[in-house]
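Just so we're aligned, residue 1 is where the sequence shown starts under full-length UniProt numbering, counting upward by one. We put the CB at the ideal spot given by N, CA and C, even for glycine. First up is the structure itself, then whatever we jot down about it.
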Amino acid sequence: MEEQITKIEQLTKELEKMSNQQEISNQLAKMEERIKHKEDEIKSRKAHKFNRDKIDYEHGRIYTFARKYDTVRTKDVSKIGAECAVQQTSADDSSEVESSADEIPRNKLDFQGEMRLMQMITPPPGQNRRRGRGSGRRGGARRRSNQLSN
1 MEEQITKIEQ LTKELEKMSN QQEISNQLAK MEERIKHKED EIKSRKAHKF
51 NRDKIDYEHG RIYTFARKYD TVRTKDVSKI GAECAVQQTS ADDSSEVESS
101 ADEIPRNKLD FQGEMRLMQM ITPPPGQNRR RGRGSGRRGG ARRRSNQLSN
């Protein structure tokens with residue numbers, strides 16, 4: 001009887017050791033994952049630093065790369081370009097007087113990620129949702145009452 005009790009105690013000790021090892025390995029895996037994530041974040045930040053502002057002289061636009069989101073904000077300087085073009089055409093006395101930067105095909109931008117950039121000039125996520133009716137953050141009651149009355 002006593003032999004069985006000692007065996008059971010030994011087995012429970014071994015089980016505890018194994019479970020501790022399992023926990024430690026799980027924690028290590030989590031830590032490694034976190035470190036990898038941080039490294040990726042730092043790499044992406046460095047990549048963003050280099051393409052801060054690029055000026056596209058041909059089409060008259062300034063691209064500002066926002067660091068936090070993968071978006072691009074453009075200041076459209078095409079009006080200036082259009083004025084220059086109009087001055088040139090009036091000097092040439094040609095039939096085309098109205099020429100603006102918008103007529104240049106947008107698929108011929110000259111640095112990487114160009115078409116993606118043109119599609120991404122939307123506001124960053126999360127800012128464009130909270131803008132209805134001025135009901136603030138509570139605003140469910142007004143919406144619900146509207147649905148009932150309709």
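Pairwise C-alpha distance: residue j and residue i
i	j	result
Glu41	Glu32	14 Å
Ala29	Met1	42 Å
Ile5	Gln27	33 Å
Lys7	Arg34	41 Å
Ser94	Glu39	Residue confidence for Ser94 is low, a pLDDT of 42 falling below 50, so the modelled location carries little weight; the figure read from the coordinates is stated next. Spanning the two alpha carbons is a distance of roughly 58 Å.
Glu14	Gln21	11 Å
Lys17	Ser44	41 Å
Lys36	Gln10	39 Å
Ile24	Thr12	18 Å
Glu3	Ser19	24 Å
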